[in-house]
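In what follows, a structure is listed as structure tokens, so that the remarks can point back to it.
Protein chains: 2
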Amino acid sequence: MDANKGKGDQAMPNPGGQMGKPVGVPFMESVLPKAVKRRVHALKRLQEQCAHIEAKFYEEVHELERKYAALYQPLFDKRREVVTGAVEPTDEECEWHTDEDEEEELAEEVKEKATIEDAKKEEVTPEEDPKGIPDFWLTIFKSVDMLSDMVQEHDEPILKHLRDIQVKFSEPGQPMSFTLEFHFEPNGYFNNAVLTKVYKMKSEPEASDPFSFEGPEIIDCEGCQIDWHKGKDVTVKIIKKKQKHKGRGTVRTVTKQVPNDSFFNFFNPVKASPDGEMDEDSEFNLATDFEIGHFFRERIVPRAVLYFTGEALEDDESFEEEELEEGDEEEQDEEGDDDDEEGDTDPKKEQPQPAECKQQ
Amino acid sequence: MDANKGKGDQAMPNPGGQMGKPVGVPFMESVLPKAVKRRVHALKRLQEQCAHIEAKFYEEVHELERKYAALYQPLFDKRREVVTGAVEPTDEECEWHTDEDEEEELAEEVKEKATIEDAKKEEVTPEEDPKGIPDFWLTIFKSVDMLSDMVQEHDEPILKHLRDIQVKFSEPGQPMSFTLEFHFEPNGYFNNAVLTKVYKMKSEPEASDPFSFEGPEIIDCEGCQIDWHKGKDVTVKIIKKKQKHKGRGTVRTVTKQVPNDSFFNFFNPVKASPDGEMDEDSEFNLATDFEIGHFFRERIVPRAVLYFTGEALEDDESFEEEELEEGDEEEQDEEGDDDDEEGDTDPKKEQPQPAECKQQ
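The listed protein sequences derive, respectively, from chains A and B. Plus 11 on top of the position in the first sequence (first one is 1) and you've got the numbering used here. Plus 11 on top of the position in the second sequence (first one is 1) and you've got the numbering used here.
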């Protein structure tokens, strides 16, 4: 590798002995001799066939994911039981040694800081035994930027009743999709035991642009009707408006129901327009929604406990932190921003390949 | 979605009624009541089991990739035959309609610019019929930044003899790996018909850090011995050095063989140190090498023609271009650099999941 050779002076493609072209302009087939161009077209036809084989590959991967979802499920069921307090894990099931050093370090740290405040702190620490792991999912929602952006204060007491989030894959032979199921315990807000959001996917190269195919993509989603108790719907708010009568000049106050920011708007998404004609805002909201659905499926549900403890957030930022330790904070910090946790879930950056390369 | 709620004022996790902590500090289990912490440890054990199931999943995906490699192979064989000129595709095989508009546009453009220079240009354009697609792989090497950084001027005449690049997957039951095979036609530089680079992979959570597991990763690589013809080895150069005899003061010229920048150093990589102790430069070089291996496997080999025509490069930069059309070129251009083709292959950004979400 020649470290001295920058991108600026890179040689440009020069096929068929043509003159070089300025940086940034993609090489165009049309400058090739006719006979060569013809052969390039033959390769493009082959490439198109590859895209269709690739689509079949991803369908099989989806099947494999369905198969493995069944293998994960007993572990996720156990997780739910521990979280809700339905089951108390045995001592053996709770053995966890690898972070002892960490805990000792932390204990040391706490000891150092806790001088005078010691007695006071002890008072505050709730040493009682609550049921299960209180606020398990709410804590996750509040820890992950992408979700905490959606969660409003009025959503929090409702999310305390969230018992589990599950991902269900479409059956074989059905159009490809996955469903997020949000399981709630009985609560004073709505009657539904489960709120659902279905994400419809497509694993098929588009005839008009077969080469952009990179694997299944979310193409649409569908929420569900929430059966709110009277006056408990946090997705709307009542505003009072003063109206002046044009003729008489009398003033009266009218109440009007308007949309309200809430996580629960997640279950009432914008509809994807079939002809692709949408205003920019709706497009942005829908793209964000797809990203969030993808994030629930790929990260939150499979590794919830790590988002609860913060370890998954640390992992996502590990580069940044490693570099920070070495010195020049500000510069590295800026670079690190590209690799942050939300960046990791940017679906545009994602590759459908199951391999990554990392140095041991 | 609340657009007004920035990341700055996001609520922090506050499990068990503890005080909020400053942004950036991950939530620590140790502040939880003992009984709850115990249950969190139970969840972490379950999570560890998930990582091992996930490892099996990726092994099955690898098998699936092997299966599909066999399905792609006839198409890649055909590609090689067309590229080398061994086979002339039929008219039907060369039909390619979708870019007609594009070509017409281009033809218009060319017509506009070509006024006086017309006759001159005609002369230069080689309308002869070369064999196959000349410089197919060399053009790709020179078009892709990650590769063009490695290719030196003295490598180019050698790379003109590259006929094909193939990816071979390890057999079932063998340790997971893939091999890049660079097939050369007989040439005046070396005797090897095939140069190989093996990338060894691991799909197994590390006992010390099971939660960082994200799928198979490259852990080591191995090159091959190139049997250079005498005086043709471009990976070394002879330098002349004048030496002065300490006592007598006479000067003599000695020749010394030193390493030389060359793409062919790719076949003589740094060895990964088994204990992880390496100097920074070697670590960087190895990480770059793994990235390049991964890029050959995932992008170059499966879609070579699109790198030849530049379409894959365009795809990688599509955001940039869309934005460029709207006006402020310079600013957008800079931003686009983060999304460029090399960024897409940054293995740290890659997710092992086969799904991406994109708006229709």
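From the three backbone atoms N, C-alpha and C, an ideal C-beta is built for every residue, glycine too. For clarity, every value in this text was computed on a predicted model and none was experimentally measured.
query, result
"By Cβ distance, which residues of its chain are closer than 7 Å to A/His63, with the 5 residues on each side in sequence left out?", "Pro216"
"Cβ atoms of B/Cys61 and A/Leu86: under 9 Å apart, would you say?", "yes"
"Using beta carbons (cut-off 9 Å, strictly below), is A/Gln185 in contact with chain B?", "no"
"State the beta-bridge partners of A/Glu233 as determined by DSSP.", "A/Val209"
"So with CB distances below 8 Å, who are the chain B contacts of A/Phe222?", "Arg314, Leu317, Glu322, Ala323, Asp326"
"Report the CB separation of B/Val205 from B/Phe274 in whole angstroms; it is logged as a contact under 8 Å.", "16 Å between Cβ atoms; not a contact."
"Taking the CB atoms as reference points, tell me whether B/Pro248 and B/Asn271 lie closer together than 9 Å.", "The sequence shown places Lys at residue 248 of chain B, rather than the Pro named in the question. Yes, the pair counts as a contact, with Cβ atoms nearer than the cut-off."
"Can you give, in chain order, each stretch of the beta strand (DSSP E) that sits fully within the region 231-304 of chain B and has at least 3 residues?", "247-255, 262-270"
"Would you report the Cα separation of B/Ile144 and A/Pro221, rounded to the nearest angstrom?", "22 Å"
"Quick one: grab the DSSP three-state call for B/Thr101.", "coil"
"Do you know offhand how far B/Gln58's Cα is from B/Ile237's?", "46 Å"
"Out of B/Gln177, B/Leu297, B/Phe277, which one is the CA nearest neighbour of B/Arg90?", "B/Gln177"
"Show which residues of chain A have a CB atom less than 8 Å away from the CB atom of B/Ile176.", "Under the 8 Å cutoff, chain A gives no residues; its nearest Cβ is about 14 Å from B/Ile176."
"Mind checking A/Asn276: buried by the 16 CB within 10 Å criterion, or exposed?", "buried"
"Establish whether the CB of B/Tyr200 and some CB of chain A are separated by less than 9 Å.", "no"
"Can you give me the start and stop residues for the alpha helix (DSSP H) that B/Ile169 sits inside?", "167-170"
"Which residues, in order along the region 236-266 of chain B, keep a beta-carbon less than 7 Å from a beta-carbon of chain A?", "none"
"Got a sec? Which residues, its chain only, sit under 8 Å from B/Phe301 by beta carbon, not counting five neighbours each side?", "Tyr210, Ile229, Cys232, Pro358"
"By the 10 Å Cβ neighbour count, where 16 or more other Cβ atoms means buried, how is A/Ala108 classified, buried or exposed?", "Sequence inspection shows His at residue 108 of chain A; the Ala mentioned does not correspond to that position. Answer is exposed; the Cβ neighbour count stays below 16."
"So with CB distances below 9 Å, who are the chain B contacts of A/Leu86?", "Leu57, Gln58, Gln60, Cys61, Ile64"
"Grouping DSSP H, G and I as helix and E and B as strand, with all else coil, what is A/Gln58?", "helix"
"Pairs of beta-carbons, one from the region 302-309 of chain B and one from the region 145-165 of chain B, closer than 8 Å: are there three or more?", "yes"
"Roughly how many angstroms separate the alpha carbons of A/Gly242 and A/Lys267, rounded to a whole number?", "14 Å"
"So for A/Lys179, helix, strand or coil by DSSP?", "strand"
"Just tell me which of A/Lys67, A/Pro186, A/Lys282, A/Leu43 has its CA closest to the CA of B/Phe147.", "A/Leu43"
"On a CA-only basis, which of B/His52, B/Lys179, B/His73, B/Glu103 is nearest B/Gln84? Give me that one, please.", "B/Lys179"
"Determine, for A/Pro3, whether the minimum Cβ-Cβ distance to residues of chain B falls below 9 Å.", "Here chain A has residues from 12 to 371 only, and residue 3 of chain A is not among them."
"According to DSSP, is B/Ser214 helix, strand or coil?", "coil"
"Going by C-alpha to C-alpha distance, which of B/Glu76, B/Val93, B/Ile151, B/Lys142 sits closest to B/Leu317?", "B/Ile151"
"To the nearest whole angstrom, what separates the beta carbons of B/Val265 and B/Lys257, a pair I think is in contact under 8 Å?", "Between B/Lys257 and B/Val265 the Cβ distance is about 15 Å, and since that is not below 8 Å, they are no contact."
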